[in-house]
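Asks: Be aware that the sequence shown starts at 0, since it is given in numbering that gives the first Met the number 0, and climbs by one per residue.
Positions of the beta carbon are idealized from the N, C-alpha and C atoms, including for glycine.
Quick one: structure below, then a few questions.
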Amino acid sequence: MLLTFAIAMISSLYFWLSSDVILQNVRVSTKQSAKQSADYLSLILTVGSDMGQQIFRDARIQGVIQEEAKGGLSVDQKFDHKNAVNDILNNIMYTSSFVHSIYLLREQGVSWGSGLFNASKVMRYTLTERDWYNDILGGRQDELWLPLQFDPFSGGGENTRLVLTFVKPLHNLATREPAGAILVNVDGQLILQAIDRIRLGKTGDFFVVDGAGKVVIASEPERWSDTLETTGLGERLPRIGAEESEFELELDGVRQYAVTRKLKNDWTIVGIVPVGEMIGDIARIQQQIWLFATLLLALASVTGYLFSKRITSPLKSLMRQMKEIERSNFKALSAVSSQDEIGQLSRRFNQMVGQIEALIEQVNEVEGKKREAEMRALRHQINPHFLYNTLATIRWMIKFGRKEGAYDGISSLVRLMEASMEKQGVFYTIRDELELLDKYMVIQRFRYDFRIHLDVRCEEALMDVSIPRMLLQPIVENAIFHGLAPKEDGGTVTVTIEQTANTLEPGLILRIEDDGAGIPPDRLPGLLLGRTGEAKSGMFGIGLNHVHETVQLYYGERSGVEIVSPPGGGTIVTVRLFIKEEMAIGI
0 MLLTFAIAMI SSLYFWLSSD VILQNVRVST KQSAKQSADY LSLILTVGSD MGQQIFRDAR
60 IQGVIQEEAK GGLSVDQKFD HKNAVNDILN NIMYTSSFVH SIYLLREQGV SWGSGLFNAS
120 KVMRYTLTER DWYNDILGGR QDELWLPLQF DPFSGGGENT RLVLTFVKPL HNLATREPAG
180 AILVNVDGQL ILQAIDRIRL GKTGDFFVVD GAGKVVIASE PERWSDTLET TGLGERLPRI
240 GAEESEFELE LDGVRQYAVT RKLKNDWTIV GIVPVGEMIG DIARIQQQIW LFATLLLALA
300 SVTGYLFSKR ITSPLKSLMR QMKEIERSNF KALSAVSSQD EIGQLSRRFN QMVGQIEALI
360 EQVNEVEGKK REAEMRALRH QINPHFLYNT LATIRWMIKF GRKEGAYDGI SSLVRLMEAS
420 MEKQGVFYTI RDELELLDKY MVIQRFRYDF RIHLDVRCEE ALMDVSIPRM LLQPIVENAI
480 FHGLAPKEDG GTVTVTIEQT ANTLEPGLIL RIEDDGAGIP PDRLPGLLLG RTGEAKSGMF
540 GIGLNHVHET VQLYYGERSG VEIVSPPGGG TIVTVRLFIK EEMAIGI
């Protein structure tokens, strides 16, 4: 009994003292939120009005208006004017993230607009029947803001975009005659987000009214036509006009707290919330205190359970982490931070996981460097058979008096051997790579008595893009030895280099085609795995699998080599390179 009485006295005293403190704190917080939202909305309104003034004085738009006022324009000239003005409006619109669209509306003549502006929708309206249009063109108002509404002139559908519209007259500055209306549409969603961020309690909210007391901004569309009278705030209108105010009133028998803040124009942001919701937490705390008294008896029974859970919970957490490690998720570290034995075990386990992850990364790095070293070693070595055949060909050309051909062959061989030394680094431009390929073809044409030909198709804009050195030569070499050489009449190797169609993910496609004998279907799967079982031939003895590994080493696993050999002969080798930023020269 004494315990119950003591709890009742303490809870009542706590409720009385805390209510006043919380009410005061909530009021200060609410006023600060209203000020921040008012400043944010004022900023948006300032952006809209400044942009309208900028359009009003734009010399390019004035030039178009004055030319159209003179008349006598052709259809093409009117079309050019429309595109020019739309481009100007788009450029101005993109200078601010607050602005959704800009329109220049005229009752007579062509209307212009940015974004998804639909001129045909303007024709459905009689602008002169709109009060705001008459007020602006009649000089009764120099500028005004329309209430929050769905954009009626957007081409994106009906009632799809909320906008808050700033309207200003558009004049022909040369004649001072009205030419139409400037509409700057501020993104209405940004406005509502600013309002929603300061929602009060569960049922309280903020809204904006104009100087006449009409609701112009609210979260619910059905409230856009309300007035202060319908909201029950009509008698507070004089106070609404103040720079800042707060007061309490009674609506439908419920005591409400209201706060207002003036915006840059004649609008006012109003926040209203039931007082009961402001101190609702205190009432709930009082109830919880009573509930706590009844739970004291059950506390003893659950203490043992909680104590045991305190011990087993870290162990379960550690077990979950171990399961994540089994799935190769080394980022799932244990969150146990206690200082007991379980905490020490968890920290040791985290250290072990970190060391394992570091070792895996180290192994991957070593493997990558090892693969790169293997590629470099292959590029450095010259196949003795290729060198022997080349020198033998040159010797016979000299013997038969073909000195010019012998000179070309020696020059090409020297250039190829120089390239194998990597004096200029691992990467060559496509221009240099094609030049080396041409030197290589000089030697091969001599060897096969000019029965083979090379056709290169590459845009000049791609010539300065860098790719790994000797990337094309092994593929062309493979096409010659296995495709064209077995044919008595030789053939042609076609090299096509083009940019990928996806501009968001730049890359290159290198396609090497030959009209040779083709590749049997049973050999295709093993080419990229290096399991063909044939002796290496050509200049370096680099197989297609090494080219595939080189591409993936430098460009990632999404890049690589694809081989297709259609029935009837011929082979198509496609190399896809997803260019990294540091390699994207000219892309």
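Contact between the segment 205 to 219 and the segment 124 to 134: three or more CB pairs below 8 Å?
Replies: They do not touch, by the three-pair rule.
Asks: Label Y439 either buried or exposed according to how many other C-beta atoms from any shown protein chain fall within 10 Å of its C-beta, with 16 as the threshold for buried.
Replies: Looking at its Cβ environment, which holds 16 or more other Cβ atoms inside 10 Å, Y439 is buried.
Asks: Excluding the 5 residues flanking I442 on each side, which residues of the same chain have their C-beta closer than 8 Å to its C-beta?
Replies: These residues qualify, in order along the chain: T389, T392, G408, S411, L412 and L415.
Asks: Let me check understanding here. Comparing Cα to Cα, which of T495, I451, P485 and A484 lies closest to L433?
Replies: Ranking T495, I451, P485 and A484 by Cα distance to L433 puts T495 first.
Asks: Are the C-beta of F306 and some C-beta of chain D separated by less than 8 Å?
Replies: Absent here is chain D; the protein component of the structure consists of one chain.
Asks: Straight-line CA distance for Q380 to E417?
Replies: With a pLDDT of 49 at Q380, under the threshold of 50, the predicted position of this residue should be treated as unreliable, though the coordinate-derived value follows. Their backbone Cα atoms lie some 12 Å apart in a straight line.
Asks: Rounded to the nearest angstrom, what separates T229 and V121 at their Cα positions?
Replies: Those two C-alpha atoms are separated by around 33 Å.
Asks: For W223, which of helix, strand or coil comes out of DSSP?
Replies: Residue state, collapsed to three classes: coil.
Asks: Is it buried or exposed for D75, if we count other Cβ within 10 angstroms and need 16 for buried?
Replies: Exposed, by the Cβ-count rule.
Asks: I'd like to confirm the pairing. Which residues does DSSP put opposite S244 in its beta bridges?
Replies: In DSSP, S244 forms a bridge with T259.
Asks: If you follow the alpha helix (DSSP H) that V74 is in, where does it begin and where does it stop?
Replies: Element bounds for V74: V74 to M92.
Asks: Grouping DSSP H, G and I as helix and E and B as strand, with all else coil, what is V109?
Replies: DSSP places V109 in coil when its eight states are reduced to three.
Asks: In angstroms with no decimal places, state the Cα-to-Cα distance between T45 and M92.
Replies: Using only the alpha carbons, I get a separation of about 14 Å.
Asks: In the DSSP assignment, find the unbroken alpha helix (DSSP H) run with P473 in it and report its ends.
Replies: Where P473 is concerned, the enclosing alpha helix (DSSP H) stretches over Q472 to A478.
Asks: Nearest to N491 by CA position, among V253, H481 and N158, is which residue?
Replies: One point to set straight first is that residue 491 is Thr, not Asn, in the sequence displayed. Nearest C-alpha to T491: H481.
Asks: Given a threshold of 16 other Cβ atoms within 10 Å of its Cβ, counted over all protein chains shown, does Y304 qualify as buried or as exposed?
Replies: Exposed: under 16 other Cβ atoms inside 10 Å.
Asks: So, with DSSP's three-state summary, where would you put S153?
Replies: DSSP places S153 in strand when its eight states are reduced to three.
Asks: Which residue's Cα is closest to the Cα of G154: L115, I135, L172 and V166?
Replies: The shortest Cα separation from G154 among L115, I135, L172 and V166 belongs to L115.
Asks: Is the separation between the beta-carbon of N89 and that of S73 shorter than 8 Å?
Replies: Taking 8 Å as the Cβ cut-off, N89 and S73 do not qualify as a contacting pair.
Asks: Could you give the distance in angstroms between the alpha-carbon of T267 and the alpha-carbon of T499?
Replies: So the two alpha carbons sit approximately 55 Å from each other.
Asks: Is the beta carbon of F291 sitting closer than 8 Å to the one on L317?
Replies: Their beta carbons are not under 8 Å apart, which means F291 does not touch L317 by this criterion.
Asks: Please list the terminal residues of the continuous alpha helix (DSSP H) segment that includes Y132.
Replies: First-last of the alpha helix (DSSP H) with Y132: D130 to L136.
Asks: For Y553, which residues in the same chain have their Cβ closer than 7 Å to its Cβ, ignoring the five residues on either side in sequence?
Replies: P467.
Asks: Would K535 be called buried (16 or more neighbouring beta carbons within 10 Å of its own) or exposed?
Replies: Model confidence at K535 stands at a pLDDT of 49, short of 50, so the residue's coordinates are unreliable; what they give is reported in the following sentence. It is exposed - the Cβ of K535 has fewer than 16 other Cβ atoms within 10 Å.
Asks: My output table needs one value for K213: the three-state DSSP class, helix, strand or coil.
Replies: Of the three classes helix, strand and coil, the one that applies to K213 here is strand, per DSSP.
Asks: In whole angstroms, what is the alpha-carbon distance linking R456 and F78?
Replies: So the alpha carbons of these two residues sit roughly 40 Å apart.
Asks: Roughly how many angstroms separate the alpha carbons of A33 and L191, rounded to a whole number?
Replies: Those two C-alpha atoms are separated by around 14 Å.
Asks: Quick one: using the 10 Å Cβ neighbour count with 16 as the cut-off for buried, is T549 buried or exposed?
Replies: Buried, because 16 or more other Cβ atoms sit within 10 Å of the Cβ of T549.
Asks: Determine the direct distance from the alpha carbon of R430 to that of M50, and round the result to whole angstroms.
Replies: One C-alpha to the other measures close to 50 Å.
Asks: Rounded to a whole number of angstroms, what is the C-alpha to C-alpha distance between L172 and K69?
Replies: The straight-line gap from Cα to Cα measures roughly 14 Å.
Asks: Taking only the alpha-carbon atoms, compute the straight-line gap between E340 and G353 and give it to the nearest angstrom.
Replies: So the alpha carbons of these two residues sit roughly 20 Å apart.
Asks: Within the continuous beta strand (DSSP E) that includes K486, where are the two ends?
Replies: K486 -> no beta strand (DSSP E), and no H or E assigned at all.
Asks: Classify F152 as buried or exposed, calling it buried when 16 or more other Cβ atoms lie within 10 Å of its own Cβ.
Replies: It is buried - the Cβ of F152 has at least 16 other Cβ atoms within 10 Å.
Asks: Tell me whether S119 is buried or exposed, calling it buried when 16 or more other Cβ atoms sit within 10 Å of its Cβ.
Replies: S119 should be labelled exposed.
Asks: Tell me, which residues are paired with F116 by DSSP?
Replies: Partner(s): S153.
Asks: List the DSSP bridge partners of L182.
Replies: BP columns for L182 point to Y102 and V166.
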